[in-house]
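Protein sequences appear in the order of chains S and R.
The numbering of the first sequence is this note's numbering, which starts it at 80 and goes up by one.
The numbering of the second sequence is this note's numbering, which starts it at 192 and goes up by one.
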Amino acid sequence: MIWQALCLNPTVYAGIQSAPGGLGFAVAVVLLAGFSEAVGQSLVLFLNRVRPARFGLALLIATLSHIAGYVIWTLTIWVAAGLLFGVHAPLLAVASAVGLAYAPQIFSFFILTPYFGNAFSVLLSLWSMLAVVMAVRIGVGLQTWQAVLVASLGWLLLQVMQRTIGLPLLHIQRWMAARAAGVTLDLRPRDVLRLRRHRARTWYTQLESWHRRRGFIGLPPEQTPVGGQTHVHRTP
Amino acid sequence: MFTGPLDILIIPLALVLAFFLWASLAPFETMGWWAGWFGDKIYHDNVPSDGIVRAVRGHPACYVLFLSGIGRVSGHTLSFREQEFLRQLALRAPTAVVLDDIFPYSVNNLALTGQPIFAWLWRWALDRKRNGPPLAGYLINIRNLFQVAIAIDHRYAPLYNQAMAEVVLDSLLRYQYDPESPTPIFVIGYSGAAQMAIGAVTYLREWVKGPVYAVSLGGIFSSDPGLLAADHVYHLWGTRDSAQVWRWLFPGRWRICASSEWNRACRHKRVTVVPMPGMGHTGHGGYLDVKSRAAGQPPHVCLTAQTVADLIRHAVAGQPVLTPLWTAPISVIPHSTSQIALLDDCPTIHYSEVEHN
Numbered sequence: 080m081i082w083q084a085l086c087l088n089p090t091v092y093a094g095i096q097s098a099p100g101g102l103g104f105a106v107a108v109v110l111l112a113g114f115s116e117a118v119g120q121s122l123v124l125f126l127n128r129v130r131p132a133r134f135g136l137a138l139l140i141a142t143l144s145h146i147a148g149y150v151i152w153t154l155t156i157w158v159a160a161g162l163l164f165g166v167h168a169p170l171l172a173v174a175s176a177v178g179l180a181y182a183p184q185i186f187s188f189f190i191l192t193p194y195f196g197n198a199f200s201v202l203l204s205l206w207s208m209l210a211v212v213m214a215v216r217i218g219v220g221l222q223t224w225q226a227v228l229v230a231s232l233g234w235l236l237l238q239v240m241q242r243t244i245g246l247p248l249l250h251i252q253r254w255m256a257a258r259a260a261g262v263t264l265d266l267r268p269r270d271v272l273r274l275r276r277h278r279a280r281t282w283y284t285q286l287e288s289w290h291r292r293r294g295f296i297g298l299p300p301e302q303t304p305v306g307g308q309t310h311v312h313r314t315p
Numbered sequence: 192m193f194t195g196p197l198d199i200l201i202i203p204l205a206l207v208l209a210f211f212l213w214a215s216l217a218p219f220e221t222m223g224w225w226a227g228w229f230g231d232k233i234y235h236d237n238v239p240s241d242g243i244v245r246a247v248r249g250h251p252a253c254y255v256l257f258l259s260g261i262g263r264v265s266g267h268t269l270s271f272r273e274q275e276f277l278r279q280l281a282l283r284a285p286t287a288v289v290l291d292d293i294f295p296y297s298v299n300n301l302a303l304t305g306q307p308i309f310a311w312l313w314r315w316a317l318d319r320k321r322n323g324p325p326l327a328g329y330l331i332n333i334r335n336l337f338q339v340a341i342a343i344d345h346r347y348a349p350l351y352n353q354a355m356a357e358v359v360l361d362s363l364l365r366y367q368y369d370p371e372s373p374t375p376i377f378v379i380g381y382s383g384a385a386q387m388a389i390g391a392v393t394y395l396r397e398w399v400k401g402p403v404y405a406v407s408l409g410g411i412f413s414s415d416p417g418l419l420a421a422d423h424v425y426h427l428w429g430t431r432d433s434a435q436v437w438r439w440l441f442p443g444r445w446r447i448c449a450s451s452e453w454n455r456a457c458r459h460k461r462v463t464v465v466p467m468p469g470m471g472h473t474g475h476g477g478y479l480d481v482k483s484r485a486a487g488q489p490p491h492v493c494l495t496a497q498t499v500a501d502l503i504r505h506a507v508a509g510q511p512v513l514t515p516l517w518t519a520p521i522s523v524i525p526h527s528t529s530q531i532a533l534l535d536d537c538p539t540i541h542y543s544e545v546e547h548n
């Protein structure tokens with residue numbers, strides 16, 4: 080079924096709504112995708128020097144957070160379909176189809192692939208978007224253009240909620256993630272260039288050293304030093 | 192057995208998935224090191240000196256570190272071409288301390304054959320590589336290639352390059368290097384190891400007072416901040432080195448990416464490309480080929496060693512070569528009659544040895 084979902088087969092998205100245990104299967108797909116994504120995003124945990132014993136717990140919390148995201152995502156799609164086209168499909172049926180649309184994200188850990196990770200990320204985003212459109216089209220019973228609109232509005236609603244009434248939830252989620260990790264998760268991947276594992280020289284020593292080197296190799300005096308001047312000191 | 196066109200694709204698809212699964216697991220070594228999961232220990236292979244390589248001879252005028260290509264499994268090179276290159280280099284740069292006992296594809300210099308869990312696998316792969324069939328031996332190359340990709344990836348590169356800089360500094364310190372002294376350091380990276388060399392320089396130059404030069408020996412490297420951090424970068428480029436085509440894989444190496452580190456370094460005259468006439472990437476006709484290509488011509492390994500030695504000599508004399516892109520080595524560093532005589536002095540090589548690059 081997962082293979083068919085990955086192939087965006089409309090039959091399987093329709094079938095899961097009526098299949099016995101369909102919702103359970105969809106939730107299992109979401110859990111699997113959530114765990115995969117948690118592993119794929121685990122760089123943040125490592126950057127913040129999480130301990131091995133806490134690593135699994137942090138992954139578990141991230142996976143469960145994914146379930147919360149799934150529930151909200153399903154609700155926003157259901158609400159958007161009602162608002163835009165007055166369609167009120169059974170919520171559980173929509174939830175089953177939307178859950179199956181998480182199938183491409185099972186490959187989220189491929190984001191870790193060195194150098195090609197970003198390409199995987201883009202590919203998975205596009206793939207997931209197509210799967211969601213398929214899920215909405217079949218799950219809610221809409222035409223393709225309507226499904227695109229509903230999915231877009233659902234996404235917009237989700238963004239608005241995350242920045243307004245969802246903020247407390249987001250804070251709770253972050254708090255739980257930090258508690259599980261046992262460290263404050265304040266370092267993000269964008270900080271990685273500034274990170275230093277050991278204390279460097281003091282800035283004036285570096286400056287003096289830089290000037291001496293610059294004179295040594297005879298570079299023009301107007302040339303400015305590059306890099307290595309801002310540090311986030313992390314003592315192991 | 193197969194019922195449809197997609198079913199036929201299942202086996203190749205499974206292989207591709209397995210490949211990318213392996214690739215996506217590769218960064219855990221680097222990330223785990225950063226998080227402190229493996230401690231701070233830096234491992235040493237304790238490779239003995241042969242008298243001129245890995246030896247401090249008198250008062251060192253400079254330090255030269257050679258980072259090997261992706262075929263290596265430990266700090267001990269098994270390539271007779273690399274051994275000969277290092278020997279020739281040490282002969283031509285007698286005041287330099289020439290070191291090569293670094294395994295640049297490990298965050299803590301731990302040999303693949305010394306790993307706690309998978310040592311048996313790498314020993315088996317190495318055995319296949321040496322005694323054949325060699326296909327399994329390419330597992331080593333693939334594994335090391337993943338490490339090169341990690342050193343390129345902007346998410347992991349700052350972590351990996353710091354680890355590599357620590358390994359390099361540790362190696363230097365073991366050979367009486369004084370970080371407070373103005374002694375120059377040359378980090379030579381062969382093939383994929385050029386990325387490791389350039390990446391490590393970014394951090395190495397924050398810890399030492401002397402100038403740090405990166406030398407790419409037919410290197411495959413991305414547009415790395417190390418290109419701007421190094422005091423100068425020398426890129427030895429064989430005119431028959433077809434592997435250089437891989438540079439197009441890195442958008443920062445394209446001319447249209449004007450603000451990339453590579454293009455900025457070129458504009459600031461921080462890079463010297465040294466064409467190596469007639470040299471290929473590896474093996475016969477490669478930079479380190481020990482056989483003469485034509486009668487009366489010195490082997491490539493001697494020419495390469497002499498070129499690097501000349502670059503070192505100029506830097507040690509306080510006049511490093513700073514000529515820009517595409518300058519022929521023959522005009523940058525003219526070979527005097529005495530130097531040619533030295534080139535002719537190449538020793539006999541035992542060709543029966545097996546090359547492992």
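All C-beta atoms in this analysis are idealised placements derived from N, C-alpha and C, irrespective of residue type, glycine included.
For residue j and residue i, the rounded distance between their alpha carbons
i, j, result
"Val108(S)", "Ser115(S)", "10 Å"
"Phe441(R)", "Ser413(R)", "6 Å"
"Leu173(S)", "Phe219(R)", "In the sequence as presented, Leu is not what sits at residue 173(S); that position holds Val. Answer to the nearest angstrom: the Cα atoms are 37 Å apart."
"Pro295(R)", "Phe186(S)", "30 Å"
"Val462(R)", "Thr514(R)", "8 Å"
"Ala98(S)", "Tyr149(S)", "20 Å"
"Arg444(R)", "Ala456(R)", "11 Å"
"Val201(S)", "Pro239(R)", "49 Å"
"Trp206(S)", "Pro268(S)", "24 Å"
"Tyr283(S)", "Glu397(R)", "In this predicted model, Tyr283(S) has a pLDDT of only 33, less than 50, meaning its place in the structure is not dependable enough to derive any value."
"Arg245(R)", "Leu208(R)", "42 Å"
"Asn322(R)", "Gly469(R)", "31 Å"
"Ala132(S)", "Asn197(S)", "29 Å"
"Thr155(S)", "Arg258(S)", "29 Å"
"Gln497(R)", "Phe189(S)", "45 Å"
"Ile199(R)", "Val166(S)", "42 Å"
Selected residue, minimal CA-CA separation from residue i, among the options
i, options, result
"Pro375(R)", "Ser362(R), Glu357(R) and Lys400(R)", "Lys400(R)"
"Gln316(S)", "Val123(S), Trp152(S), Gly113(S) and Leu139(S)", "Nothing in the structure corresponds to residue 316(S), since chain S is present only between 80 and 315."
"Phe195(S)", "Arg431(R), Ala217(R) and Asp344(R)", "Asp344(R)"
"Leu264(S)", "Ala112(S), Arg253(S), Phe104(S) and Leu272(S)", "Arg253(S)"
"His267(R)", "Leu206(R), Gln279(R) and Leu303(R)", "Leu303(R)"
"Thr393(R)", "Val378(R), Asn352(R) and Gly409(R)", "Asn352(R)"
"Tyr254(R)", "Val406(R), Gln488(R), Leu363(R) and Leu494(R)", "Leu363(R)"
"Val359(R)", "Pro511(R), Val403(R), Ser215(R) and Pro373(R)", "Val403(R)"
"Val212(S)", "Arg258(S), Phe104(S), Ala260(S) and Gly178(S)", "Gly178(S)"
"Gln222(S)", "Leu163(S), Leu85(S) and Leu170(S)", "Leu163(S)"
"Leu494(R)", "Asn300(R), Pro251(R), Pro285(R) and Leu408(R)", "Leu408(R)"
Cβ-based burial, residue i [other Cβ within 10 Å; buried from 16]
i, result
"Leu277(R)", "buried"
"Gln367(R)", "exposed"
"Thr142(S)", "buried"
"Leu235(S)", "exposed"
"Trp82(S)", "exposed"
"Arg446(R)", "exposed"
"Phe377(R)", "buried"
"Val424(R)", "buried"
"Trp224(S)", "exposed"
"Pro309(R)", "Note that residue 309(R) corresponds to Phe in the displayed sequence, not to Pro. When all chains shown are included, Phe309(R) counts as exposed."
"Pro89(S)", "exposed"
"Trp311(R)", "exposed"
"Asn335(R)", "buried"
"His426(R)", "buried"
"Phe257(R)", "buried"
"His290(S)", "The pLDDT assigned to His290(S) is 42, lower than 50, so where the model puts this residue is not dependable, and the model offers no usable value."
"Gly429(R)", "buried"
"Phe125(S)", "buried"
"Tyr92(S)", "buried"
"Leu350(R)", "buried"
Cβ-Cβ separation, residue j to residue i (assumed contact under 8 Å), whole Å
i, j, result
"Ala180(S)", "Ala210(S)", "4 Å"
"Gly390(R)", "Asp415(R)", "5 Å"
"Ala168(S)", "Gly218(S)", "7 Å"
"Ala159(S)", "Val229(S)", "5 Å"
Residue i Cβ short of 7 Å to the ligand MN heavy atom set
i, result
"Leu326(R)", "Only the bare structure without any ligand can be found here, which leaves the ligand MN out of the picture."
Chain-ordered neighbours of residue i on chain B, where CB pairs are closer than 7 Å
i, result
"Met355(R)", "No chain B is present in this structure, whose protein chains are S and R."
Problem set entry | Sequence ranges, beta strand (DSSP E) only - wholly within the segment 441-479 of chain R, length at least 3 | 462-467
For this session: Could you name each continuous alpha helix (DSSP H) segment of 4 residues or more that falls completely within the segment 97-160 of chain S, going from the start of the chain to the end?
Result: 101-119 and 122-126
Problem set entry | Contained alpha helix (DSSP H) runs [length at least 4] in the segment 340-405 of chain R, N- to C-terminal order | 348-365 and 384-398
Problem set entry | Minimum length 3: unbroken beta strand (DSSP E) runs contained in the segment 196-266 of chain R | 253-258
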